[in-house]
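Protein chains in written order, with this note's numbering: chain A, 1 to 244; chain B, 245 to 520.
Written out as structure tokens, the structure reads:
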């Protein structure tokens, strides 16, 4: 029993058993392997068995099908062959073992959309698909538990504390009941400035009722903070510190 | 806070599977887009909006009301309450679908906005969206839980390629599908003049973001803006149900709803700088 393994860069997106059943490849949702990319034709190619041999046939696709770097129309496949379609790769593997969660019927969108209805990826396939797709871009995201929490250290001015860990998605400097850095005094604004934590754990300071300065320069747009930056707003000075 | 809202079946579908609820006295605005055959979609989205509204009302009356699910760090208690309400809605739809014998799968998206003190808290699941127009810039505040959006985030499709994809209607997360659901929450500082748009996909499938922000910039009245957006989406095809809420934060308002603005000023009535 052979398997086709659809990959994008190093990530495995889908595994399909091939042999008894032919597997079609293309952009259209009806295919066994769906590659949702404009470089791929609706019905691009198929992999099927003929006289016990595994064959690949390109349906005259616009951008072609490449096996081990060579453009192919009809070619016999063997384990280890690498099929390139657009930016995706399909690797042919010879595997006796068909894993339990292998996507036998091989469609990440089992409920073929009818009449443009909104559909969910089916539960079993969705889990497998999401687990596999999760590998792409994973390295770019820091593990949540190991995220460094920067600190705002008060250098000057009246606040309720002397330093504040920046744990929140939205940190407000002001008099608001929900402000993290609570300003004290009569004429302080409700929200003088805001600091936003982005998904990649970077921090940006933005204006609110006041325009803060970073290292002496008034900001004109949300500005990324780096360790040691000195923020001045509404009569207080705060240092953004990332400790090791 | 001024607001306007409208829902329309569009020009292709016979029924409207979208639902919305406005609870301005709590600064709470809820939108849901249902899916599933027969009447399942309508039931799912109604269960979604009503469960969220009920849970928030109960929590308002009794702040000690249990929070459903795991506490999310880094966001306020208000955001955690919204996440709790959305998880409860998920459980309601899931068990409702099961009780029907699981014949017709049902699901729904949800977007909830709650304005409190200095900020807006947003919880969502699915591909309905919240946008913010501020200083002429129009940004999407929610990330779609869809197959296509997932591929864009991972660099497998460009935005441009994604706009031509045939997989737009495939969601990776929705209410009512699994016993548990992961809820995304985020918070934005509320500023004077902010305009928030909450909508189902029937709007942004038909209109570009510049068309949407253009309508907001040329129309002061939120109800007229919401109606105009729906008319334009219908003119563009109206391929799906369309629901739009337009929420405008303005402390200078003289309109009937301006008294709600005072609620947003919260406890700051003695603040010499409050401009209500």
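We treat Cβ as the ideally placed atom computed from N, Cα and C, and that holds for glycine.
Residue span of the alpha helix (DSSP H) that contains residue 395 of chain B, given as start and end: Within the second chain, residue 395 of chain B is the residue found at index 151, counting from 1. Here the alpha helix (DSSP H) through residue 395 of chain B covers 391 to 397.
field: 8 Å Cβ cutoff, residue 319 of chain B in contact with chain A
entry: Numbered from 1 along the second chain, position 75 holds the residue referred to as residue 319 of chain B. Yes, because at least one Cβ of chain A sits closer than 8 Å to the Cβ of residue 319 of chain B.
task: Just the chain A side, please: which residues come within less than 7 Å of residue 430 of chain B by C-beta, in chain order?
output: Position 186 of the second chain, counting from 1, holds the residue named residue 430 of chain B. Per Cβ cutoff of 7 Å: 169.
- request: Return no unless some Cβ of chain A is closer than 8 Å to the Cβ of residue 245 of chain B.
  value: For the purposes of this step, residue 245 of chain B is identified with residue 1 of the second chain, where counting begins at 1. By this cut-off, residue 245 of chain B is not an interface position.
- request: Check whether the Cβ atoms of residue 266 of chain B and residue 358 of chain B sit closer than 8 Å, and answer yes or no.
  value: As a working note, residue 266 of chain B is residue 22 in the second chain. As a working note, residue 358 of chain B is residue 114 in the second chain. Result no, Cβ atoms of residue 266 of chain B and residue 358 of chain B do not sit closer than 8 Å.
task: Rounded to whole angstroms, what's the CA-CA distance from residue 173 of chain A to residue 209 of chain A? Just pull it up for me.
output: Counting from one through the first chain, the residue named residue 173 of chain A turns up at place 173. Counting from one through the first chain, the residue named residue 209 of chain A turns up at place 209. Going from the Cα of residue 173 of chain A to the Cα of residue 209 of chain A covers about 10 Å.
field: chain B contact for residue 112 of chain A (CB, 8 Å cutoff)
entry: Here residue 112 of chain A is taken as the residue at index 112 of the first chain, counted from 1. Any reading at residue 112 of chain A needs caution, since the residue's pLDDT is 36, under 50, leaving its predicted position unreliable; the model's value is listed next. It does not; no Cβ of chain B falls within 8 Å.
- request: State the Cα-Cα distance for the pair residue 482 of chain B and residue 350 of chain B, rounded to the nearest angstrom.
  value: Taking the second chain and counting its residues from 1, the one referred to as residue 482 of chain B is at position 238. Taking the second chain and counting its residues from 1, the one referred to as residue 350 of chain B is at position 106. Near 23 Å, if we compare the C-alpha coordinates of residue 350 of chain B and residue 482 of chain B.
- request: Taking a Cβ distance cut-off of 8 Å, strictly less, list which residues of the segment 392 to 421 of chain B are near chain A, in chain order.
  value: 392, 394, 395, 397, 398, 399, 400, 401, 405, 408, 409, 410, 411, 413, 414, 415, 416, 418, 421
query: Going by beta carbon distance, what residues of the same chain come within less than 6 Å of residue 71 of chain A, once the five residues before and after it are set aside?
result: Position 71 of the first chain, counted from the start, is the residue given in the question as residue 71 of chain A. Once the five neighbours on either side are set aside, the close Cβ partners of residue 71 of chain A are 64.
task: Would you mind reading off the limits of the alpha helix (DSSP H) that contains residue 263 of chain B?
output: The residue labelled residue 263 of chain B in the question sits at position 19 within the second chain. Unbroken run through residue 263 of chain B is the beta strand (DSSP E), 262 to 267; no alpha helix (DSSP H).
Minimum Cβ-Cβ distance from residue 435 of chain B to chain A less than 8 Å: As a first step, residue 435 of chain B is located in the second chain; it is residue number 191 there, counting from the start. Yes - at least one Cβ of chain A is within 8 Å of the one on residue 435 of chain B.
query: Would you call the CB atoms of residue 195 of chain A and residue 171 of chain A closer than 8 Å?
result: Here residue 195 of chain A refers to the residue found at position 195 of the first chain. Here residue 171 of chain A refers to the residue found at position 171 of the first chain. In contact: residue 195 of chain A and residue 171 of chain A (Cβ atoms closer than 8 Å).
task: State buried or exposed for residue 232 of chain A, treating a residue as buried only when at least 16 other CB atoms are found within 10 Å of its CB.
output: As a position in the first chain, residue 232 of chain A is number 232, starting the count at 1. Looking at its Cβ environment, which holds 16 or more other Cβ atoms inside 10 Å, residue 232 of chain A is buried.
- request: For residue 336 of chain B, decide whether its Cβ has a neighbour in chain A, counting only Cβ atoms nearer than 8 Å.
  value: Reading the second chain from its first residue, position 92 is the one you call residue 336 of chain B. By this cut-off, residue 336 of chain B is not an interface position.
query: Taking C-beta to C-beta, are residue 219 of chain A and residue 226 of chain A nearer than 8 Å?
result: Sequence index remark: in the first chain, residue 219 of chain A carries index 219 (1-based). Sequence index remark: in the first chain, residue 226 of chain A carries index 226 (1-based). No, they are not a contact pair.
Closest Cα partner of residue 480 of chain B within the set B/448, B/464, B/259, B/461: On the second chain, residue 480 of chain B is found 236 positions in, with the first residue counted as 1. Nearest C-alpha to residue 480 of chain B: B/448.
- request: Quick one: give me the first and last residue of the alpha helix (DSSP H) that residue 305 of chain B is part of.
  value: Position 61 of the second chain, counted from the first residue, corresponds to residue 305 of chain B. Taken as a continuous stretch (DSSP letters only), the alpha helix (DSSP H) holding residue 305 of chain B covers 284 to 305.
query: Does the separation of the CB atoms of residue 40 of chain A and residue 32 of chain A fall below 8 Å?
result: Within the first chain, numbered from 1, the residue matching residue 40 of chain A stands at position 40. Within the first chain, numbered from 1, the residue matching residue 32 of chain A stands at position 32. Cβ atoms of residue 40 of chain A and residue 32 of chain A: not closer than 8 Å.
- prompt: Run through DSSP, which three-state label would residue 212 of chain A get?
  reply: By one-based count along the first chain, residue 212 of chain A stands at place 212. Residue 212 of chain A: coil per DSSP, three-state reduction.
message: On the CB-based measure, 16 or more other CB atoms within 10 Å of its CB, does residue 315 of chain A come out buried or exposed?
response: No information on residue 315 of chain A is available, as it lies outside the stretch 1 to 244 that chain A covers here.
- request: Could you work out which residue in A/42, A/37, A/244 is closest to residue 30 of chain A when comparing CA atoms only?
  value: One-based indexing of the first chain puts residue 30 of chain A at position 30. Cα-wise, what sits closest to residue 30 of chain A is A/42.
- prompt: Hey, is residue 363 of chain B's beta-carbon within less than 8 Å of any beta-carbon in chain A?
  reply: For the purposes of this step, residue 363 of chain B is taken as the residue at position 119 of the second chain. Yes - at least one Cβ of chain A is within 8 Å of the one on residue 363 of chain B.
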